[in-house]
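Per my numbering, the very first residue in the sequence shown carries number 30; after that it's consecutive. This report refers to the structure that appears directly beneath it.
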Amino acid sequence: MQAHRVAAAPGGAFLYSSPSRPDRTAPVTLTSELLLRQDPSEDDLVLATAQGDQRAFAQLYDMTSSRVLGLVRRILVDPAQSEEVAQEVFLSAWQEAAQFDPAKGRAVSWLLVRARRRAIDRVRSAQASRVRDMTVGIRDLDDVRDDVAETAAVHIEHARVSRAMKGLTAAQRQALELTYFGGLSHSEAAGEAGVPLGTMKTRTRDALIALRKLLGPDVVARG
């Protein structure tokens with residue numbers, strides 16, 4: 030990620046100003062013993078970040094920023110918007126790190142869920158903007174019709190997929206949610222679900238096959 034700006038931190042300090050990542054040279058206060066470990070996990074780093082530990086946050090950023098940006102970019106496509114949303118994700122992670130509960134899941138999943146939600150919110154905001162443009166006649170009629178038709182088609186397709194997902198087994202749904210919707214690799218998804226890598230690959234494959242059948246021949250033909 031590039032072109033980061035200085036972000037306000039609690040107490041009037043600044044979180045980071047480096048063009049590439051959080052500033053490791055800035056004065057920090059280590060408020061947790063977690064970083065005394067040689068290889069702290071993402072969970073450890075978020076817990077330390079919740080205590081205001083800037084060094085922990087910088088390390089968390091280094092470990093997860095490429096994953097967060099990759100997921101956001103798959104949703105938004107546009108590089109500039111993806112960079113902006115990814116920055117928002119990490120700023121919110123700094124501000125709301127205390128909300129992370131390791132008993133409910135891994136820190137990387139917590140970050141990716143936040144990233145996906147923000148990216149989807151950006152898509153919805155763009156769609157709402159197009160509707161506003163339509164009402165004031167900024168775009169010509171043909172373009173407006175195309176935009177409305179495309180938006181309607183996307184919503185219909187999402188609704189169909191959501192209904193079809195209910196026809197999968199719980200294990201198959203979990204596999205798709207972790208990989209296709211959560212942005213995790215098969216290996217990471219296997220670790221999250223506590224199953225062997227081969228099992229996760231099989232579940233994902235079976236889930237896709239079942240989903241295509243549930244969605245009908247139109248989807249198979251397009252795929």
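Just so it is clear, CB atoms sit at the ideal spot from N, CA and C, and this is done for glycine as well.
Approximately 10 Å separates the beta-carbon atoms of alanine 236 and alanine 193; this is outside 8 Å, ruling out the contact.
When C-beta atoms of the segment 96–108 are compared with those of the segment 125–136, fewer than three pairs fall below 8 Å, so the two segments do not count as touching. When Arg234, Phe119, Ala144, Ala87 are compared, the shortest CA-CA separation from leucine 197 is found for Arg234.
In terms of CA proximity to lysine 242, Val190 leads the group Ala77, Ser70, Asp91, Val190.
In this chain, the alpha helix (DSSP H) harbouring lysine 230 covers 226–244.
The C-beta distance from valine 137 to arginine 102 rounds to 17 Å, too long to meet the 8 Å contact threshold. Setting aside the 5 residues that flank it on each side, serine 121 is surrounded in the same chain by Arg143, each with a C-beta closer than 7 Å to its C-beta; the list follows chain order.
Taken atom to atom, the span from the alpha-carbon of glutamine 88 to that of leucine 98 is near 16 Å. By a beta-carbon distance limit of 8 Å, leucine 74 does not contact leucine 100. Their separation comes to about 19 Å.
At least 8 Å separates the beta-carbon of valine 114 from that of arginine 145.
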